[in-house]
Amino acid sequence: MGDLSSAFSAVPTHKPVKKQIQFVEDKQEFSKFPTKAGRRSLSRSISQSSTDSYSSAASYTDSSDDETTPRDKTQVNSKGSSDFCVKNIKQAEFGRREIEIAEQDMSALLSLRKRAQSEKPLAGAKIVGCTHITAQTAVLIETLVALGAQCRWTACNIYSTQNEVAAALSETGVAVFAWKGESEDDFWWCIDRCVNTEGWQPNMILDDGGDLTHWMYKKYPNVFKKIRGIVEESVTGVHRLYQLSKAGKLCVPAMNVNDSVTKQKFDNLYCCRESILDGLKRTTDVMFGGKQVVICGFGEVGKGCCAALKALGAIVYVTEIDPIFLCVCVSVSLLPNHIYVISDEYVASLHLTTFDAHLTELSDEQAKYLGLNKNGPFKPNYYRYRSTHLKHKPSAII
């Protein structure tokens, strides 16, 4: 009994417990908002840690690094070069691992690299590129370098850059000017740094969206005239090139990669079929079963998006301006092998009511931007109309 009473007496009373739980002496600390010079806010820390915690060498380990734009920092790679501007060169090792993973799914490009590497067919090529900087792009850039080209690269999108991949490319000697989360001013500064550098003048352009091409055309016309060729891989960039061509201002040969069969099928159809779900799920975090979704246009991108969303159980509606294309969508047999003209579009439009399909009409502003007549024709002569054999077709075509 004596032992029991001594055991109870050893238990602390409520008073000392109160003293123990008073773990914060300065209550004002939590109500203070950190300044730019101070540490990052809690919400920013959480959001950044979810995307950047994979790298122990990430640029978020120091508050000054996080708040300072890469333009204000001088970084040097292992070769002593500082001709680049990325988020954090210390992420290069992790970026290299991502590039190696991407190479496993790009066997054709690696085979081409291996076959032509000894011949250096791109010797003398000075390529300036403006694309999404991802691990897959890095495989392309390193292939160009292996075949003899000199490359300088920037991003065509302020959000899509993989910082660790940009660091890995910079570590190998490629002049990369890009980081995730650029401002608009940063975006144009990076493009200018790629084009305007002492002792180096580009003679080829690889563009996605046409921003680099138009920047060089407007700001450096003398350099632009010496370009030997432009490769454009997006419909937006191709549209801008056609505008220059119609105005008689395109003095450089240009290649329309967007309308190639491989680009239309693999990138526009199959890639969009997967990426649309990833993008929507990340941004909305909702279930799509039963949701009503409107897809504007039923080209290859529209087909891919439609297939993906229908597979999730969404009710999909499609808007389309081209009557011929609508007939193809609803499997009407109207595909003669000749160039389509306005009469074909008129005949196609006569079939639409049978399927309760209705055309969307372009506004004046849309027609002007697309360079089309509101009454057609809606596709260029080289356009390939293809029958749609999708497992998941739209619920309705408007």
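Counting from 1, one number per residue, gives the positions in the sequence shown under full-length UniProt numbering. Using N, Cα and C, we set each Cβ at its ideal position, and we do this for glycine too.
Distance, Cα to Cα, S118 vs L112?
-> Here residue 118 refers to the residue found at position 118 of the sequence shown. Here residue 112 refers to the residue found at position 112 of the sequence shown. Roughly 11 angstroms separates the two Cα atoms.
Determine the contact status of C156 and F177, defining contact as a CB-CB distance below 8 angstroms.
-> What you label residue 156 is simply residue 156 of the sequence shown in a count that begins at 1. What you label residue 177 is simply residue 177 of the sequence shown in a count that begins at 1. Their beta carbons are not under 8 angstroms apart, which means C156 does not touch F177 by this criterion.
Cβ neighbour criterion (16 or more within 10 Å) applied to L122 | Walking along the sequence shown from the start, residue 122 turns up at place 122. Buried is the call here.
Identify whether K36 lies in helix, strand or coil by the three-state DSSP scheme.
-> Taking the sequence shown and counting its residues from 1, the one referred to as residue 36 is at position 36. Unreliable placement is indicated for K36, whose pLDDT of 38 sits below 50; the coordinate value is still reported in the next sentence. K36: coil per DSSP, three-state reduction.
Cβ separation of T161 and I133, assumed to be a contact under 8 angstroms, to the nearest whole Å | Position 161 of the sequence shown, counted from the start, is the residue given in the question as residue 161. Position 133 of the sequence shown, counted from the start, is the residue given in the question as residue 133. That pair is a contact at about 5 angstroms.
Determine the burial state of P202: buried for a count of at least 16 other Cβ atoms within 10 Å of its Cβ, exposed for fewer.
-> Stepping through the sequence shown from its first residue, residue 202 is reached at position 202. Buried.
Residue nearest to Y317 in terms of C-alpha spacing, selected from G304, V293, A307 and E198 = By one-based count along the sequence shown, residue 317 stands at place 317. Among G304, V293, A307 and E198, the Cα nearest to that of Y317 is on V293.
Have a look at the DSSP bridge pairing and note the partners of N256.
-> Within the sequence shown, residue 256 is the residue found at index 256, counting from 1. DSSP output for N256 lists E232 as bridge partner(s).
Can you give me the start and stop residues for the alpha helix (DSSP H) that L219 sits inside?
-> Here residue 219 refers to the residue found at position 219 of the sequence shown. The sequence shown places Lys at residue 219, not Leu. Counting along the chain, the alpha helix (DSSP H) containing K219 begins and ends at D211 to K219.
Using the beta-carbon count (16 or more within 10 Å), is P70 buried or exposed?
-> Your numbering for residue 70 matches position 70 in the sequence shown. Looking at its Cβ environment, which holds 16 or more other Cβ atoms inside 10 Å, P70 is buried.
Could you give the C-beta distance for G95 and A125, rounded to a whole number, given that I count them as a contact under 8 angstroms?
-> On the sequence shown, residue 95 is found 95 positions in, with the first residue counted as 1. On the sequence shown, residue 125 is found 125 positions in, with the first residue counted as 1. At roughly 24 angstroms, the Cβ-Cβ gap does not stay under 8 angstroms, so G95 and A125 are not in contact.
Using DSSP with H/G/I as helix, E/B as strand and the rest coil, what is T51?
-> What you label residue 51 is simply residue 51 of the sequence shown in a count that begins at 1. Unreliable positioning characterises T51 in this predicted model, as indicated by a pLDDT of 40, which lies under 50. A coordinate reading is not provided.
Helix, strand or coil for V86 per DSSP?
-> Locating residue 86 in the sequence shown gives position 86, counting from the first residue. V86 falls in the coil class under three-state DSSP.
Classification of residue 401 by the beta-carbon crowding that lies within 10 angstroms, buried from 16 upward = Absent from the model: residue 401. The displayed extent of the chain is 1 to 398, so no value can be given.
Below 8 angstroms on the Cβ atoms is my guess for N88 versus A167; work out the distance and round it to an integer in Å.
-> Here residue 88 is taken as the residue at index 88 of the sequence shown, counted from 1. Here residue 167 is taken as the residue at index 167 of the sequence shown, counted from 1. Indeed they touch by this definition, with Cβ atoms about 6 angstroms apart.
Could you spell out where the beta strand (DSSP E) holding A311 opens and where it closes?
-> Walking along the sequence shown from the start, residue 311 turns up at place 311. Careful: A311 lies outside any beta strand (DSSP E), inside the alpha helix (DSSP H) at E300 to A311.
Secondary structure at Y317, three-state DSSP: helix, strand or coil?
-> Here residue 317 refers to the residue found at position 317 of the sequence shown. Of the three classes helix, strand and coil, the one that applies to Y317 here is strand, per DSSP.
For A175, write down the residues that DSSP places opposite it in a beta bridge.
-> In the sequence shown, the residue the question calls residue 175 occupies position 175. Note: A175 sits in a beta bridge opposite R152.
Ends of the beta strand (DSSP E) at L206?
-> On the sequence shown, position 206 is the one that residue 206 refers to. L206 -> beta strand (DSSP E) spans M204 to D207.
According to DSSP, residues forming a beta bridge with N296 = For the purposes of this step, residue 296 is taken as residue 296 along the sequence shown, with counting starting at 1. The question names Asn, yet the displayed sequence has Cys at residue 296. C296 is bridged to T319.
V76 (DSSP reduced to helix, strand or coil) | For the purposes of this step, residue 76 is identified with residue 76 of the sequence shown, where counting begins at 1. Three-state DSSP puts V76 in coil, outside helix and strand.
Could you work out which residue in V145, C306 and T236 is closest to A116 when comparing CA atoms only?
-> Locating residue 116 in the sequence shown gives position 116, where the first residue counts as 1. The residue with the shortest Cα to Cα distance from A116 is V145.
What's the call for K249, buried or exposed, on a 16-neighbour Cβ count within 10 Å?
-> Position 249 of the sequence shown, counted from the start, is the residue given in the question as residue 249. Per the 10 Å Cβ criterion, exposed.
Which residues in the same chain as F84 place their Cβ atom closer than 6 angstroms to its Cβ, once the five residues preceding and following it in sequence are excluded?
-> The residue you call residue 84 lines up with position 84 of the sequence shown. S170, A175 and V176, listed in sequence order.
Would you kindly check if the distance between the Cβ of A314 and the Cβ of F288 is under 8 angstroms?
-> As a working note, residue 288 is residue 288 in the sequence shown. As a working note, residue 314 is residue 314 in the sequence shown. Yes, the pair counts as a contact, with Cβ atoms nearer than the cut-off.
From the DSSP output, in three-state form, read off V286 for me.
-> Position 286 of the sequence shown, counted from the start, is the residue given in the question as residue 286. Coil.
Please confirm whether Q136 and A92 have their CB atoms less than 8 angstroms apart.
-> In the sequence shown, the residue the question calls residue 136 occupies position 136. In the sequence shown, the residue the question calls residue 92 occupies position 92. No, the Cβ-Cβ distance between Q136 and A92 is not below 8 angstroms.
Residues bridged to L271 (per DSSP) = Counting from 1 along the sequence shown, the entry for residue 271 is found at position 271. The sequence shown places Cys at residue 271, not Leu. Bridge partners of C271: none, in fact.
Cβ-Cβ distance between C130 and L212 below 8 angstroms | On the sequence shown, position 130 is the one that residue 130 refers to. On the sequence shown, position 212 is the one that residue 212 refers to. The answer is yes: Cβ separation under 8 angstroms.
Whole-number beta carbon distance between M255 and I227, since they are thought to touch under 8 angstroms = Reading the sequence shown from its first residue, position 227 is the one you call residue 227. Reading the sequence shown from its first residue, position 255 is the one you call residue 255. Wrong, their Cβ atoms sit about 12 angstroms apart, outside the cutoff.
Helix, strand or coil for C130 per DSSP?
-> In the sequence shown, the residue the question calls residue 130 occupies position 130. The answer is strand: DSSP assigns C130 an E or B state.
Which whole-angstrom value describes the C-beta separation of G181 and I158, a residue pair presumed to lie in contact below a C-beta threshold of 8 angstroms?
-> Reading the sequence shown from its first residue, position 181 is the one you call residue 181. Reading the sequence shown from its first residue, position 158 is the one you call residue 158. With 8 angstroms as the limit, G181 and I158 qualify as a contact, their Cβ atoms being about 7 angstroms apart.
Nearest-angstrom Cα distance between G210 and W179?
-> Here residue 210 is taken as the residue at index 210 of the sequence shown, counted from 1. Here residue 179 is taken as the residue at index 179 of the sequence shown, counted from 1. Cα to Cα, G210 sits roughly 19 angstroms from W179.
Could you spell out the range, first to last residue, of the alpha helix (DSSP H) harbouring A123?
-> For this step, residue 123 is matched to residue 123 along the sequence shown. Neither: A123 is in no alpha helix (DSSP H) and is coded neither H nor E.
L269 and K303 closer than 8 angstroms at C-beta | In the sequence shown, counting from the first residue as 1, residue 269 sits at position 269. In the sequence shown, counting from the first residue as 1, residue 303 sits at position 303. Yes.
The alpha helix (DSSP H) with S363 in it runs from where to where?
-> Residue mapping note: residue 363 aligns to position 363 of the sequence shown, counting from 1. Where S363 is concerned, there is no enclosing alpha helix (DSSP H), given that its DSSP letter is neither H nor E.
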